[in-house]
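>
Protein chains in written order, with this note's numbering: chain A, 256 to 759; chain B, 33 to 296.
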């Protein structure tokens with residue numbers, strides 16, 4: 256009887272049922288899409304962060320750079336005897352420098368020992384983030400001009416005598432005294448070759464050659480990011496100039512995520528990187544794996560206490576360092592999407608409640624009659640609540656279907672979001688250098704005190720988990736029950752005497 | 033919150049006579065039934081019912097004393113606003129008096145809680161309304177089945193009782209029809225079947241022929257008289273129609289909240 260009555264009422268009041276169910280479906284679909292997109296954006300952020308810090312990193316320890324600590328910038332100094340002079344008199348010069356990446360402060364490696372001594376640390380490894388700049392080019396034969404005039408390099412004269420007829424310089428890049436210079440930069444990360452539990456290479460897979468072993472400590476060997484190796488036309492066995500040393504390529508790695516490149520172009524053993532850069536016993540960050548996922552906040556606090564001058568960041572802190580359109584999407588979905596879902600959900604609930612109460616009011620005589628013939632308040636409330644619940648469930652099922660369709664559309668379209676994971680530093684102008692686009696590769700910090708550690712174009716993939724579907728159905732059931740409870744309460748307050756109102 | 037009156041019906045008297053002597057025919061008046069002779073089905077003592085209406089107190093029933101013996105057919109007439117509805121609500125356990133007592137058989141209704149009153153309605157009383165008051169989305173059989181309010185009767189028993197009730201009002205063939213597919217007279221027959229299916233001791237009819245034409249009115253009254261006679265029900269009919277009222281054993285007139293005997 257209960258089910259028969261319920262289904263007859265719903266089918267008889269089809270328009271009202273459809274409106275309530277459609278409102279609920281819209282809200283549920285929105286919840287699924289927003290939740291899915293939020294999860295997708297979060298996954299994309301994690302993907303970018305993992306490419307920088309590696310899988311399993313719960314906390315990173317860095318040092319805040321002092322404003323202006325980078326100094327005037329890189330400088331290449333050539334002596335008079337440097338370079339190789341060709342037959343036409345032009346001189347080929349080349350020089351590499353390996354230094355700390357701009358904006359990435361270095362600190363004493365004893366911090367690693369301190370970190371490892373803190374309770375709750377399961378594993379920790381130190382890295383040194385560097386930047387290699389190679390300056391190369393061709394200088395013209397300036398001796399032609401010097402030979403034809405007087406006063407050049409004269410300690411008293413100071414400069415070329417304008418009164419002489421100097422011959423123009425020859426040679427150089429264009430054969431007429433011109434010059435051409437190339438500046439090649441790539442990022443270098445020094446890491447513990449024995450570390451395999453945590454660190455940047457935990458999110459990389461070997462493509463060619465071999466990865467580091469403990470025996471590589473202090474050796475002049477490198478592992479290259481696949482994207483960089485391709486662009487620089489380098490392969491296993493080739494030699495690469497890093498700083499003032501030639502190092503041998505022993506392997507090529509690629510990010511395990513298809514969405515992003517690895518954290519650096521070139522990987523060196525930590526002590527080799529320290530030696531080549533002159534940053535002995537210096538590191539730029541420590542990646543930490545917590546012993547317990549639930550103890551990360553406490554671990555952060557303990558690390559901050561142990562290293563008061565350091566910047567300690569959890570994954571959620573680091574997520575805020577992801578910039579670009581991915582960040583915009585994250586903000587959008589986090590604010591507008593969530594509020595939109597809440598508003599639509601509230602509106603759907605309200606519509607369901609109002610229609611249910613309105614339906615109860617229209618059925619006053621019906622419920623009054625049922626009460627008159629002995630129906631209890633509880634039975635009438637159950638009947639009304641049942642009708643609302645089924646309407647909510649129908650709306651929920653439809654909403655899940657529409658939501659899944661929306662997710663499918665997003666996944667088919669797969670909008671590309673650019674992302675940049677940046678280690679933020681202090682000082683005026685911070686944030687200026689968070690760049691966009693460009694797969695893989697690290698860029699240098701600009702005027703702003705921020706260094707981009709990795710950029711990536713991330714294709715948004717929206718996951719759908721059973722928990723999201725259950726949440727959606729749960730919300731639909733809750734909406735139906737809420738509307739039913741209000742409607743049932745309204746029905747239970749009707750006086751059975753209403754049924755006799757027609758009596759004069 | 034628990035209603036202080038949410039208690040079981042309490043018995044206030046012990047009837048020594050349980051037999052009900054039906055009159056030989058409708059319309060035959062036994063003057064002793066108003067005060068004794070058979071066990072009273074209803075005993076109303078000094079029943080007053082007042083309402084607050086726009087800061088004004090309206091007295092719908094004013095110290096009504098009334099005894100309705102079991103098995104009696106009573107017609108209640110009176111002007112609009114005279115208190116017919118209120119009296120029927122008291123008899124039907126739909127409302128409680130402001131003062132005085134209403135006793136149905138051995139059960140005192142005045143102080144009973146909502147749940148107890150609902151149980152009395154489900155067990156003892158059948159209602160027939162002027163507007164039929166059928167659930168429009170349910171078939172005739174399903175409407176009759178709604179009378180099994182507590183859902184404790186087995187499904188097979190319910191179905192059998194519904195079939196028998198519909199057959200008793202001549203609508204066995206219309207069991208699967210919706211109310212909208214039935215005439216007014218047929219709808220009222222369904223309503224009568226709904227009222228009778230649970231074998232009540234009292235049948236209260238609120239203008240049962242008010243929405244029907246003359247021929248159908250007579251059919252319905254024949255039906256009501258038939259079941260009253262066959263089942264020994266106590267039948268109370270509120271009506272404006274003197275032709276209907278004249279078929280009752282006893283006629284009451286209620287006006288200004290007071291009840292007076294009209295005789296047969």
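We treat Cβ as the ideally placed atom computed from N, Cα and C, and that holds for glycine.
Could you spell out where the alpha helix (DSSP H) holding residue 467(A) opens and where it closes?
Annotation for residue 467(A): no alpha helix (DSSP H) segment contains it, and DSSP assigns it neither H nor E.
> Step through the CB atoms of chain B and report whether any lies within less than 9 Å of the CB of residue 256(A).
yes
> Apart from the five residues just before and just after residue 569(A), which ones in its own chain have a Cβ nearer than 8 Å to its Cβ?
For residue 569(A), where only same-chain residues beyond five positions count, the Cβ hits under 8 Å are 313, 314, 551, 552, 555.
> Residues of chain B with CB closer than 7 Å to the CB of residue 777(A), please, in chain order.
Since the displayed chain A opens at 256 and closes at 759, residue 777(A) lies outside it and no answer follows.
> At a Cβ threshold of 9 Å, is residue 132(B) touching chain A?
no
> Enumerate in chain order the residues of its own chain whose CB-to-CB distance from residue 730(A) is below 8 Å, with the five nearest sequence positions on each side excluded.
282, 283, 286, 600, 651
> Find out if the Cβ-Cβ distance for the pair residue 508(A), residue 460(A) is shorter than 9 Å.
yes
> Mind checking which residues open and close the alpha helix (DSSP H) that includes residue 253(B)?
For residue 253(B), the enclosing alpha helix (DSSP H) begins and ends at 246-263.
> Can you look up residue 87(B) in the DSSP assignment and give me helix, strand or coil?
Coil at residue 87(B), not helix or strand.
> If we call anything under 9 Å between Cβ atoms a contact, is residue 653(A) one with residue 280(A)?
yes
> Using a C-beta cutoff of 9 Å, does residue 145(B) count as contacting chain A?
no
> Find the residues of chain A that neighbour residue 226(B), judging by a C-beta separation of less than 8 Å, and give them in chain order.
628
> Below 7 Å between beta carbons is the criterion; list the residues of the segment 160-180 of chain B that meet it against any residue of chain A, in chain order.
161, 162, 163, 165, 167, 169, 170, 174, 177, 178, 179
> Taking Cβ positions only, does residue 117(B) come closer than 9 Å to chain A?
yes
> How many Å lie between residue 562(A) and residue 363(A) at the Cα?
11 Å
> Looking at C-alpha atoms only, which residue of 151(B), 121(B), 73(B), 112(B) is the closest neighbour of residue 285(B)?
Between residue 285(B) and the set 151(B), 121(B), 73(B), 112(B), the nearest pair of CA atoms involves 112(B).
> Going by DSSP, which residues form a beta bridge with residue 347(A)?
339(A), 393(A)
> Measure from the C-beta of residue 126(B) to each C-beta in chain A and report whether the shortest distance is under 9 Å.
yes
> Is any beta-carbon of chain A found at less than 9 Å from that of residue 121(B)?
yes
> Kindly indicate which three-state DSSP category residue 518(A) falls into: helix, strand or coil?
coil
> Leaving out the 5 sequence neighbours to the left and right, which residues in its chain are closer than 7 Å to residue 522(A) when beta-carbon positions are compared?
444, 446, 456, 477, 478
> Using a Cβ-Cβ cutoff of less than 6 Å, which residues in the same chain neighbour residue 204(B) once the five nearest sequence positions on both sides are dropped?
198
> If you compare alpha carbons, which of 96(B), 266(B), 290(B), 288(B) is closest to residue 282(B)?
266(B)
> Could you work out which residues of chain A lie near residue 153(B), taking near to mean beta carbons separated by less than 7 Å?
627, 628, 629
> Whole beta strand (DSSP E) runs in the segment 479-563 of chain A with 3 or more residues, listed along the chain?
494-497, 500-510, 521-524, 540-545
> Run down chain A in chain order and give the residues with a C-beta less than 7 Å from the C-beta of residue 292(B).
Neighbours of residue 292(B) on chain A: none; closest Cβ ~18 Å, over 7 Å.
> Run the CB neighbour count on residue 188(B), radius 10 Å, all protein chains shown included, and call it buried at 16 or more, exposed below.
exposed
> Using a beta-carbon distance below 9 Å, is residue 26(B) in contact with chain A?
Examination of residue 26(B) is not possible in this model, given that chain B is present from 33 through 296 alone.
> Leaving out the 5 sequence neighbours to the left and right, which residues in its chain are closer than 6 Å to residue 149(B) when beta-carbon positions are compared?
125
> Quick one: give me the first and last residue of the alpha helix (DSSP H) that residue 276(B) is part of.
Counting along the chain, residue 276(B) sits inside the alpha helix (DSSP H) bounded by residues 274-277.
> When DSSP labels each residue in this structure, what does residue 105(B) get in the three-state scheme?
Note: residue 105(B) maps to strand in three-state DSSP.
> Counting only Cβ-Cβ distances shorter than 7 Å, please list the residues of the segment 638-666 of chain A near chain B, keeping chain order.
none
> So that I know if they touch, is there some Cβ in chain B lying closer than 9 Å to that of residue 269(A)?
Residue 269(A) does not count as touching chain B.
> Does the CB of residue 182(B) have a neighbour CB from chain A at under 9 Å?
yes
> How big is the Cα-Cα spacing for residue 726(A) and residue 294(A)?
14 Å
> Tell me the DSSP secondary structure of residue 650(A) in three-state form.
helix
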